[in-house]
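S.K.: Sequence lines, in order, name chains A and B.
Residue numbers are given in this note's numbering: position 178 of the first sequence equals residue 182, and the series is strictly consecutive.
Residue numbers are given in this note's numbering: position 17 of the second sequence equals residue 21, and the series is strictly consecutive.
Beta carbons: idealized from backbone N, C-alpha and C, even for Gly.
Please read all numbers here as calculations on a predicted model, not as lab measurements.
2 protein chains.
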Amino acid sequence: MKKLINSVDTMLAESLDGFAAAHADIVVLGPERKFVRRRSPGSAKVALISGGGSGHEPLHAGFVGTGMLDAACPGQIFTSPTPDQIVEAATAVGGKAGVLFIVKNYAGDCMNFEMAAEVFEGPAATVVTNDDVAVEKSTHSTGRRGVAGTLVVEKIVGAAAEKGMDLKSCAELGTEVNARTRSIGVALTSCTVPAAGTPTFTLGADEMEMGVGIHGEPGRRRVNLSSAEIIASEMVNAILTDLDHPASGDVLLFVNGFGGTPALELYLMYNSARRILEKRGLVVSRSLVGSYVTSLEMAGCSITVTLLDAKLTAFWDDHVHTAALRW
Amino acid sequence: MKKLINSVDTMLAESLDGFAAAHADIVVLGPERKFVRRRSPGSAKVALISGGGSGHEPLHAGFVGTGMLDAACPGQIFTSPTPDQIVEAATAVGGKAGVLFIVKNYAGDCMNFEMAAEVFEGPAATVVTNDDVAVEKSTHSTGRRGVAGTLVVEKIVGAAAEKGMDLKSCAELGTEVNARTRSIGVALTSCTVPAAGTPTFTLGADEMEMGVGIHGEPGRRRVNLSSAEIIASEMVNAILTDLDHPASGDVLLFVNGFGGTPALELYLMYNSARRILEKRGLVVSRSLVGSYVTSLEMAGCSITVTLLDAKLTAFWDDHVHTAALRW
Numbered sequence: 005m006k007k008l009i010n011s012v013d014t015m016l017a018e019s020l021d022g023f024a025a026a027h028a029d030i031v032v033l034g035p036e037r038k039f040v041r042r043r044s045p046g047s048a049k050v051a052l053i054s055g056g057g058s059g060h061e062p063l064h065a066g067f068v069g070t071g072m073l074d075a076a077c078p079g080q081i082f083t084s085p086t087p088d089q090i091v092e093a094a095t096a097v098g099g100k101a102g103v104l105f106i107v108k109n110y111a112g113d114c115m116n117f118e119m120a121a122e123v124f125e126g127p128a129a130t131v132v133t134n135d136d137v138a139v140e141k142s143t144h145s146t147g148r149r150g151v152a153g154t155l156v157v158e159k160i161v162g163a164a165a166e167k168g169m170d171l172k173s174c175a176e177l178g179t180e181v182n183a184r185t186r187s188i189g190v191a192l193t194s195c196t197v198p199a200a201g202t203p204t205f206t207l208g209a210d211e212m213e214m215g216v217g218i219h220g221e222p223g224r225r226r227v228n229l230s231s232a233e234i235i236a237s238e239m240v241n242a243i244l245t246d247l248d249h250p251a252s253g254d255v256l257l258f259v260n261g262f263g264g265t266p267a268l269e270l271y272l273m274y275n276s277a278r279r280i281l282e283k284r285g286l287v288v289s290r291s292l293v294g295s296y297v298t299s300l301e302m303a304g305c306s307i308t309v310t311l312l313d314a315k316l317t318a319f320w321d322d323h324v325h326t327a328a329l330r331w
Numbered sequence: 005m006k007k008l009i010n011s012v013d014t015m016l017a018e019s020l021d022g023f024a025a026a027h028a029d030i031v032v033l034g035p036e037r038k039f040v041r042r043r044s045p046g047s048a049k050v051a052l053i054s055g056g057g058s059g060h061e062p063l064h065a066g067f068v069g070t071g072m073l074d075a076a077c078p079g080q081i082f083t084s085p086t087p088d089q090i091v092e093a094a095t096a097v098g099g100k101a102g103v104l105f106i107v108k109n110y111a112g113d114c115m116n117f118e119m120a121a122e123v124f125e126g127p128a129a130t131v132v133t134n135d136d137v138a139v140e141k142s143t144h145s146t147g148r149r150g151v152a153g154t155l156v157v158e159k160i161v162g163a164a165a166e167k168g169m170d171l172k173s174c175a176e177l178g179t180e181v182n183a184r185t186r187s188i189g190v191a192l193t194s195c196t197v198p199a200a201g202t203p204t205f206t207l208g209a210d211e212m213e214m215g216v217g218i219h220g221e222p223g224r225r226r227v228n229l230s231s232a233e234i235i236a237s238e239m240v241n242a243i244l245t246d247l248d249h250p251a252s253g254d255v256l257l258f259v260n261g262f263g264g265t266p267a268l269e270l271y272l273m274y275n276s277a278r279r280i281l282e283k284r285g286l287v288v289s290r291s292l293v294g295s296y297v298t299s300l301e302m303a304g305c306s307i308t309v310t311l312l313d314a315k316l317t318a319f320w321d322d323h324v325h326t327a328a329l330r331w
C-alpha cells in the first residue's frame, strides 16, 4: 500500500486537521473532530447536515460553507459516522428553523442518521439520495446507492435554505432534485482502504468495472476496457433509459473523477457525454467537471445528469463559497 | 495503458473541446485549438500568456480568466507549444500595454517562447520560472525546472496586471515572486504518456522518487517510502535550506497533487508541512491544497513555499475567476 500517511489510525484525524487549518476562513472543526461546521453560521436558516464515510473527499466537508452545507460528519474511511457525531453537529448548527439531514442511501448511514434524528430534540427532516442507476441492490445498500448526485442535492437545497426556504419545503426540494438526478460510474482500477491494506477488488490489465460503486462495490458487469465514446455512450444510455428517455429540455452534466483520473481524461469524457446528450435532443445548460465525489485513489469516473427547470437552474447558479465549490 | 480516451492522436483535441464547452462562460478556444483565451478580454491591461506541454492540467488553461492569465497555449502532452501557437495567442489578446510571457524553465518551452517573442510585433517581456530545488540540471532543463510555483507567479502577477500595472513592473514582479518561491516533489508511482504507452519510469512496491519532476524526470534519489512526516520534513528542509533558512515571516504553503493522489492525503501532507514550518518560526498565512500542477495520473505531491510580504499577500488575495482557481 503506497500512501502519504503516518499511520492508519491517525490518518483521518491528521487530514481533518490539515483541512480545517487550510480553510480556517470557511470552516471550524468540532470537538473531538466529530464534525466540520461553518465558521459563520447562517443565523435563522434551515441547517443542512450531511456526512458519511471518509475517502470521498471533497464530499462532504469540502461542501460546508455559504450556499451549501452547515456541517458535515466524517466517519472513518468508508464507514458511517456515528449517531453521536450527527447529534452533536445538529445541536451545534441547528436553530429554530430546524435541521435537514442529507443522507446517501447506504445501510449504515441510513441507520445512524435515523438514530440521530430520533435523539436530536429540534425539528428535523431527512432526504435520502439514491441516484446510482447501476444496481438495484448492492453489498452496501438496500435499494439504489447514493453517489455523486448527492452534490447536486446539497448545492441546490443549500441555495434554497440560504434564501430562507422552510424545512418542509427544503426536504421536498431535496427529494425533487434527487428524483430528477441519475448517475453511473466506471472503474479502471481499484482503491485500497488503508485499514485493509490491499486493493478492494482486482481488475485485469484490460478490464473495467461498469457500474462500480464509490466504495469499489461491484457494478453491472466486468468487461474489457473500450473507448471513451463507447463507455460514455453506455453510461449516458443507462441514465436516460432510467429517466424514461426525456426528448428535450435543459440538463446539468456532471462528470466526476474518482480520485486517480486526471482532468485531461475527465474533460474528454465530458466532451463525449455532452455530444451524446445533445444528439438525443437535450441541452447541456450547466456543467461540472472534476474530482468531487471520490473513492480514495480509484481511477475512473461517474456521469451524473440532472433534469433542470428554471427554478433548479437559479438555485444551482446561486453564490456558493466552500472549500471545494465556489461561484 | 488504462485511460479514458478514444485515440492517442485525438486525445488532446477532444479534451480541449470538453474544457472549452464546460467553461464557455470563462474561456474561448482559439482557431485550430492553438490557444485558450478569456471570453472577455481585459481591455487596456498587460496580457499574461503562459503555456507548455499538456498533461499538467489544470495548469495552464485552467488559470485563464479574470485576475490570472489572458491566454494559454497547450502543447501536445509533455511537449512544448509551437512558436506559431504563442504568436497567435499574443496577437489575439495583446494590446498597447503589451504581453508578458510566463514560461516554465524547460529547454523546449524557453526556445519556443523566445522564437515567438522575436516574431511577435507588439511590446513583450518574459518571466521564466525555476522554483524546483530538487536538481540543478535535469533531463529536460538547463538549470532548475519550473514547477508548481508557476501557479503562484501567474496568480500574483495576474492580480497586478488586472489592477493596471505596466509591462516592465509586471515582469519585475514575476521575477520577484519566482525568487521568493521554492518547490520540491515526490512520486509514489510513475505516469504513462499516451503516445509512449508504457510508464515513464518504474518504482518498486516500496519505493518513491524524491525530487521528481513534473514529467517523471528523475529527482535526487530513489528511496524506500517513509512516513508522511519524514517525507514532508525532507521536502520542507530542502526548500528552507535553499531560501537561506528564513527565521520568521509569513509564507504561502501550497501542497499540490500530481494527479493520482486523493485529497485526504494532500491535506495530511499539508498538516505535516504546516507544523514543520511553524516549528521553524514561520507563519503559514496563506494556503492552497489540491491537484493544480499535475503529471497525468502520477501519485505523489509537491510542496511549494513562497515568502510573502504585504504587497504579495494582497495580490494573492485579489479576486480570481478561472476554471480551476476562484476566490
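Assuming A/I235 contacts B/L73 (C-beta within less than 8 Å), just tell me the rounded distance between them.
M.R.: No, A/I235 and B/L73 are not in contact; Cβ-Cβ is about 32 Å, not under 8 Å.
S.K.: Any contact between the segment 116-127 of chain A and the segment 188-206 of chain A? By contact I mean 3 or more CB pairs, one from each, below 8 Å.
M.R.: No, the segment 116-127 of chain A is not in contact with the segment 188-206 of chain A.
S.K.: Please list, in chain order, the chain A residues whose beta carbon lies closer than 8 Å to that of B/E213.
M.R.: Correct list: empty, because the minimum Cβ distance to chain A is about 12 Å.
S.K.: Taking the runs of the alpha helix (DSSP H) that are 4 residues or longer, which of them lie wholly in the segment 271-326 of chain B?
M.R.: Here the runs fully enclosed are 314-321.
S.K.: Is the beta carbon of A/L192 closer than 8 Å to that of A/G34?
M.R.: No. Outside cutoff.
S.K.: By the 9 Å beta-carbon criterion, what residues does the segment 236-269 of chain B contribute toward chain A?
M.R.: Answer set for the segment 236-269 of chain B: A236, L257, V259, G263, G264, T265, P266, A267, L268 and E269.
S.K.: Does the Cβ of A/W320 have 16 or more other Cβ atoms within 10 Å, making it buried, or fewer, making it exposed?
M.R.: It is buried - the Cβ of A/W320 has at least 16 other Cβ atoms within 10 Å.
S.K.: Using a Cβ-Cβ distance cut-off of 8 Å, determine whether A/C305 contacts chain B.
M.R.: So yes, A/C305 belongs to the interface.
S.K.: How long is the line joining the alpha carbons of A/V293 and A/L256, rounded to whole angstroms?
M.R.: Roughly 11 Å between the two C-alpha positions.
S.K.: Measuring CA to CA, which of B/A48, B/T86 and B/R41 is closest to B/H64?
M.R.: Ranking the options by Cα distance to B/H64, first place goes to B/R41.
S.K.: Using DSSP with H/G/I as helix, E/B as strand and the rest coil, what is B/A120?
M.R.: Helix.
S.K.: Taking the alpha carbon of A/G217 as the point to measure from, which residue in A/Y110, A/I30, A/N228 and A/E92 has its own alpha carbon closest?
M.R.: For the residues A/Y110, A/I30, A/N228 and A/E92, the minimum Cα distance to A/G217 belongs to A/Y110.
S.K.: Using a beta-carbon distance cut-off of less than 8 Å, what residues from the segment 158-174 of chain B approach chain A?
M.R.: Flagged: no residues at all.
S.K.: Within 7 Å: the Cβ of A/P35 and any heavy atom of the ligand FAD?
M.R.: This structure lacks the ligand FAD, and indeed carries no ligand of any kind.
S.K.: Span of the alpha helix (DSSP H) holding A/A242?
M.R.: Segment A232 to D246, the alpha helix (DSSP H) holding A/A242.
S.K.: Any beta carbon of chain B sitting closer than 8 Å to that of A/A318?
M.R.: No, no contact with chain B.
S.K.: I need the straight-line Cα distance from A/G22 to B/Y274, nearest angstrom please.
M.R.: About 6 Å.
S.K.: Output the residue ranges of the beta strand (DSSP E) runs that lie fully inside the segment 88-154 of chain A and measure 3 residues or longer, sorted by chain position.
M.R.: With a minimum length of 3 residues, the continuous beta strand (DSSP E) runs that stay inside the segment 88-154 of chain A are 103-108 and 128-133.
S.K.: Per DSSP, B/V181 forms a beta bridge with which residues?
M.R.: Its beta-bridge partners do not exist; DSSP assigns none.
S.K.: Around the Cβ of B/E36, are there at least 16 other Cβ atoms within 10 angstroms (buried) or fewer (exposed)?
M.R.: The residue is exposed, with fewer than 16 neighbouring Cβ atoms inside 10 Å.
S.K.: Taking only the alpha-carbon atoms, compute the straight-line gap between B/H60 and B/K100 and give it to the nearest angstrom.
M.R.: B/H60 and B/K100: Cα-Cα distance of roughly 31 Å.
S.K.: Would you say A/I106 reaches chain B, if we count a Cβ-Cβ gap shorter than 8 Å as a contact?
M.R.: No, because no Cβ of chain B sits closer than 8 Å to the Cβ of A/I106.
S.K.: DSSP three-state call for A/S187: helix, strand or coil?
M.R.: The answer is strand: DSSP assigns A/S187 an E or B state.
S.K.: Can you name, in chain order, every residue of its own chain whose Cβ lies under 8 Å from the Cβ of A/K141, other than the five neighbours on each side?
M.R.: Once the five neighbours on either side are set aside, the close Cβ partners of A/K141 are G147.
S.K.: Look up B/N228 in the DSSP assignment and give the residues it is bridged to.
M.R.: B/N228 is bridged to B/E211.
S.K.: Can you tell me the Cβ-Cβ gap for A/D210 and A/N228, rounded? I've got them flagged as a contact below 8 Å.
M.R.: A/D210 to A/N228, Cβ: 5 Å. Contact.
S.K.: Please name the residue or residues paired with B/P266 in a DSSP beta bridge.
M.R.: Beta-bridge pairing links B/P266 to no other residue.
S.K.: Is the distance from the Cβ of A/G69 to the Cβ of A/T326 below 8 Å?
M.R.: Contact flag set, yes.
S.K.: If distances are taken between C-alpha atoms only, which option among B/F117, B/A328 and B/S44 comes closest to B/E166?
M.R.: That would be B/S44, whose Cα lies nearest to the Cα of B/E166.
S.K.: I need the boundaries of the alpha helix (DSSP H) containing A/A17, first residue and last residue.
M.R.: That run of the alpha helix (DSSP H) goes M15 to A26.
S.K.: Between the C-alpha atoms of A/A120 and A/A26, what's the straight-line distance to the nearest angstrom?
M.R.: If I take the Cα positions, the gap works out to 29 Å.
S.K.: In three-state terms, what does DSSP make of A/R41?
M.R.: Three-state DSSP puts A/R41 in a strand.
S.K.: Pop quiz: B/G285 and B/A318 are said to be a contact at Cβ under 8 Å. What is the actual Cβ separation, rounded to whole angstroms?
M.R.: 23 Å between Cβ atoms; not a contact.
S.K.: Can you look up A/V156 in the DSSP assignment and give me helix, strand or coil?
M.R.: DSSP places A/V156 in helix when its eight states are reduced to three.
S.K.: So, B/T130 versus B/F105, is the Cβ gap smaller than 8 Å?
M.R.: Against a cut-off of 8 Å, the Cβ pair of B/F105 and B/T130 comes out as a contact.
S.K.: Does chain B have any CB closer than 8 Å to the CB of A/P62?
M.R.: Taking Cβ atoms only, chain B reaches closer than 8 Å to A/P62, which makes this a yes.
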